[in-house]
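Asks: Sequence order for the protein chains is A and B.
Each residue of the first sequence is one higher than the one before, starting from 1 at the first, in full-length UniProt numbering.
Each residue of the second sequence is one higher than the one before, starting from 1 at the first, in full-length UniProt numbering.
Glycine included, every Cβ here is placed at the ideal spot set by N, Cα and C.
There are 2 protein chains.
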Amino acid sequence: MTLVIPASTPPGPPRRRDAGRPRGAAVTAAVLAAVRVELADAGFEGLSVERVARRAEVNKTSVYRRWPTREALVAAAMEGLLDDFSVSPDTGSLRGDLYALAAPIAELAAQPDGVALLRAALSTTASGDVGTVASRRVGAPAESVSSIAARARARGEWRDGVDPQQAIFTLVGAIIHRVLLERAAPTGEWLDGLVDIVLRGISATKPQP
Amino acid sequence: MTLVIPASTPPGPPRRRDAGRPRGAAVTAAVLAAVRVELADAGFEGLSVERVARRAEVNKTSVYRRWPTREALVAAAMEGLLDDFSVSPDTGSLRGDLYALAAPIAELAAQPDGVALLRAALSTTASGDVGTVASRRVGAPAESVSSIAARARARGEWRDGVDPQQAIFTLVGAIIHRVLLERAAPTGEWLDGLVDIVLRGISATKPQP
């Protein structure tokens, strides 16, 4: 069950004896990608470390060594996806910034593996790793959100008394509702409509049509 | 394992031989109440029909006869809670109607059993009974929502082009995000702020402060 490393790798052909057995960073990437696919297939309840290992073409022990529990595995897969949202869009307008913040979240939530991760994050109780990561990361874009609000305030676009996090979480919550309860894509005209509602909701002055 | 029904019930004292064993509608009420408590304790994954039966003080077979699966049980518990939201508030103003619609949802979502039902609804896949009930019931207040919008339109309060369902689902989605990801109460000033954002977001004219 341990990974067999050949004593020497013959030069020449790129196909090694342990071809298909990724190592190091490649193992991490392969496993987390497999977690997302398996989650989309079987959900959090049905997730099997054995199937994840098989799909990633790594040894089961390589998985357990890095992520001792199913929760840790899913939490790691989620961290990876959420890293993409740490950037703070600066488009020059509040509408542009809101849209730039919401669009990648909506795009992720439109994919089966994004939906599966969302379900996993929302289904687990406060004590689980997945819930903890989800909760912590919910706070992570706080800097990004407050800089969007600060720039909007400087332009006179931000209505006094609006909590920046509440504004953004309203966007995100609507996307979650759309995907998990309406079971429809949070994109296109629907997303335009949402950004419009939130923008008008938090704007100091009503934007011109 | 079957329910023993005494041949005759002695008159007089209210305490019968099968005291504590509710029947018929009482069984349903006791079981669904027990489901909500157990869900809040153990979550959907940890829900045990045996413990539900014990807590409701009914026979396990009485539970299985009515609800053959765990999913059916939770779906029934959810139906019961969602029945409270079929009324259409008519307070005379759009702000009042939005608040009257959102407040009981927020109140339910602030309770441990409401949180547990939400988690169950969001965690299960499209094929499960719970997800199906949740999805179907999401559409159920459609009439209520469109009559709120129609009255607001008649008063000149509703902005052209806003989809009534999108407006309400934005409210509900923000409440879900608040409870499950921020893990905070969706009530008080927070709820006022949310209603304010959505009201301004969907209003034809900016409401006076």
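1. Give me the Cβ distance between His177(A) and Val35(B), rounded to the nearest whole Å; I'm assuming they're in contact under 8 Å.
2. Does any residue of chain A have a CB that is nearer than 8 Å to the CB of Ala167(B)?
3. Taking 8 Å as the cut-off, does the stretch 186 to 197 of chain A touch the stretch 183 to 193 of chain B (at least 3 CB pairs, one atom from each stretch)?
4. Output the boundary residues of the alpha helix (DSSP H) element that contains Gly166(A).
5. For a quick check, are the C-beta atoms of Leu199(B) and Leu94(B) less than 8 Å apart?
6. Return helix, strand or coil for Val198(A), following the three-state DSSP convention.
7. How many Å lie between Pro104(A) and Ala174(A) at the Cα?
8. Rounded C-beta distance between Ile148(A) and Asp196(A)? I'm assuming under 8 Å.
9. At 9 Å on the CB atoms, spell out the chain B contacts of Arg178(A), in chain order.
10. Could you give the C-beta distance for Ala120(B) and Leu180(B), rounded to a whole number, given that I count them as a contact under 8 Å?
11. What does Trp158(B) pair with, by DSSP beta-bridge criteria?
12. Which one of Arg23(B), Ala154(B), Glu107(B), Thr170(B) has the shortest CA to CA distance from Thr61(B)?
13. Between Arg51(B), Thr205(B), Glu182(B), which has its C-alpha nearest Ala109(B)'s C-alpha?
14. Just the Cα atoms here: how many angstroms apart are Leu32(A) and Gly114(A)?
15. Tell me the DSSP secondary structure of Asp90(A) in three-state form.
16. Count the other C-beta atoms from every protein chain shown that fall within 10 angstroms of the C-beta of Gly201(B), then say buried if there are 16 or more, exposed otherwise.
17. Thinking C-alpha only, which one of Ala56(B), Pro89(B), Asp90(B), Leu81(B) is nearest Glu107(B)?
18. Beta-carbon within less than 8 Å of Ala204(A)'s beta-carbon, same chain only, minus the 5 sequence neighbours each way: which residues are those?
19. Would you kindly check if the distance between the Cβ of Ala30(B) and the Cβ of Glu57(B) is under 8 Å?
20. Using a beta-carbon distance below 8 Å, is Ile197(A) in contact with chain B?
21. Considering only their Cβ atoms, is the gap separating Ala77(B) from Leu117(B) smaller than 8 Å?
22. Look up Trp67(A) in the DSSP assignment and say whether it is helix, strand or coil.
23. Confirm, please, whether the CB-CB distance from Arg151(A) to Asp90(A) is below 8 Å.
24. Along chain B, in chain order, which residues have C-beta atoms closer than 7 Å to that of Asp163(A)?
25. Which word fits Thr170(B), buried or exposed, when buried means at least 16 other C-beta atoms lie within 10 angstroms of its C-beta?
26. With a threshold of 8 Å between beta carbons, is Arg153(A) in contact with chain B?
27. Using DSSP with H/G/I as helix, E/B as strand and the rest coil, what is Arg36(A)?
28. Provide the residue span of the alpha helix (DSSP H) that contains Glu57(B), from first to last.
29. Using a C-beta to C-beta distance shorter than 7 Å, which residues of chain B count as neighbours of Ile202(A)?
30. Looking only at its chain, what residues have a beta carbon closer than 7 Å to the beta carbon of Asp192(A), apart from the 5 residues adjacent to it on each side?
31. Does the beta carbon of Glu157(B) sit closer than 8 Å to a beta carbon anywhere in chain A?
32. Work out the CA separation of Val162(B) and Ser88(B) for me, nearest whole Å.
33. In the structure shown, what three-state DSSP assignment does Ser62(B) receive?
Replies: Walking through what the data contain:
1. Taking the first residue of the first sequence as position 1, residue 177(A) is located at position 177. Taking the first residue of the second sequence as position 1, residue 35(B) is located at position 35. Not really, about 24 Å apart at Cβ, beyond 8 Å.
2. As a position in the second sequence, residue 167(B) is number 167, starting the count at 1. Yes, because at least one Cβ of chain A sits closer than 8 Å to the Cβ of Ala167(B).
3. no
4. Mapped onto the first sequence, residue 166(A) falls at position 166. It is worth fixing the name first, because residue 166(A) is Gln in this sequence and not Gly. Looking at the DSSP string, the run of the alpha helix (DSSP H) that includes Gln166(A) is 164 to 180.
5. What you label residue 199(B) is simply residue 199 of the second sequence in a count that begins at 1. What you label residue 94(B) is simply residue 94 of the second sequence in a count that begins at 1. Yes, these two residues count as a Cβ contact at 8 Å.
6. Within the first sequence, residue 198(A) is the residue found at index 198, counting from 1. It is helical.
7. The residue given as residue 104(A) occupies position 104 in the first sequence. The residue given as residue 174(A) occupies position 174 in the first sequence. Cα to Cα, Pro104(A) sits roughly 14 Å from Ala174(A).
8. Numbered from its first residue, the first sequence carries residue 148(A) at position 148. Numbered from its first residue, the first sequence carries residue 196(A) at position 196. With 8 Å as the limit, Ile148(A) and Asp196(A) do not qualify as a contact, their Cβ atoms being about 17 Å apart.
9. On the first sequence, residue 178(A) is found 178 positions in, with the first residue counted as 1. In chain order: Gln166, Phe169, Gly173.
10. To locate residue 120(B), count along the second sequence from 1; it is residue 120. To locate residue 180(B), count along the second sequence from 1; it is residue 180. In fact, because the Cβ distance is near 12 Å, the residues do not count as touching under 8 Å.
11. Along the second sequence, read from residue 1 onward, the residue named residue 158(B) stands at position 158. According to DSSP, Trp158(B) bridges with Ser203(B).
12. Walking along the second sequence from the start, residue 61(B) turns up at place 61. Here the closest residue by C-alpha is Arg23(B).
13. Sequence index remark: in the second sequence, residue 109(B) carries index 109 (1-based). Out of Arg51(B), Thr205(B), Glu182(B), Glu182(B) has the C-alpha closest to the C-alpha of Ala109(B).
14. On the first sequence, position 32 is the one that residue 32(A) refers to. On the first sequence, position 114 is the one that residue 114(A) refers to. The straight-line gap from Cα to Cα measures roughly 13 Å.
15. The count along the first sequence starts at 1 and reaches residue 90(A) at position 90. Residue state, collapsed to three classes: coil.
16. Sequence index remark: in the second sequence, residue 201(B) carries index 201 (1-based). Buried: at least 16 other Cβ atoms inside 10 Å.
17. Reading the second sequence from its first residue, position 107 is the one you call residue 107(B). Selected option, being the one with the closest Cα: Leu81(B).
18. By 1-based counting over the first sequence, the position of residue 204(A) is 204. If we look at Ala204(A) and ignore the five residues flanking it on each side, its Cβ neighbours are Gly156, Glu157, Trp158, Arg159, Asp160.
19. Along the second sequence, read from residue 1 onward, the residue named residue 57(B) stands at position 57. Along the second sequence, read from residue 1 onward, the residue named residue 30(B) stands at position 30. Yes. Within cutoff.
20. As a first step, residue 197(A) is located in the first sequence; it is residue number 197 there, counting from the start. Chain B contact via Cβ: present.
21. As a first step, residue 117(B) is located in the second sequence; it is residue number 117 there, counting from the start. As a first step, residue 77(B) is located in the second sequence; it is residue number 77 there, counting from the start. Result yes, Cβ atoms of Leu117(B) and Ala77(B) sit closer than 8 Å.
22. Within the first sequence, the letter at position 67 stands for residue 67(A). The answer is coil: DSSP assigns Trp67(A) none of H, G, I, E or B.
23. For the purposes of this step, residue 90(A) is identified with residue 90 of the first sequence, where counting begins at 1. For the purposes of this step, residue 151(A) is identified with residue 151 of the first sequence, where counting begins at 1. Contact: yes.
24. Numbered from its first residue, the first sequence carries residue 163(A) at position 163. Those are Gly193, listed as they occur along chain B.
25. Here residue 170(B) refers to the residue found at position 170 of the second sequence. With 16 or more other Cβ atoms within 10 Å, it is buried.
26. Translated into positions along the first sequence, residue 153(A) becomes position 153. Not an interface residue.
27. Along the first sequence, read from residue 1 onward, the residue named residue 36(A) stands at position 36. In this structure, Arg36(A) counts as helix in the three-state DSSP scheme.
28. For this step, residue 57(B) is matched to residue 57 along the second sequence. It is not in any alpha helix (DSSP H) - Glu57(B) carries neither H nor E in the DSSP assignment.
29. Locating residue 202(A) in the first sequence gives position 202, where the first residue counts as 1. Simply Ile197.
30. Here residue 192(A) refers to the residue found at position 192 when the first sequence is read from its first residue. Taken in chain order, the list of residues that qualify is empty.
31. Counted from its first residue, the second sequence places residue 157(B) at position 157. False, the Cβ-Cβ gap to chain A never drops below 8 Å.
32. Within the second sequence, the letter at position 88 stands for residue 88(B). Within the second sequence, the letter at position 162 stands for residue 162(B). If I take the Cα positions, the gap works out to 19 Å.
33. Sequence index remark: in the second sequence, residue 62(B) carries index 62 (1-based). In this structure, Ser62(B) counts as helix in the three-state DSSP scheme.
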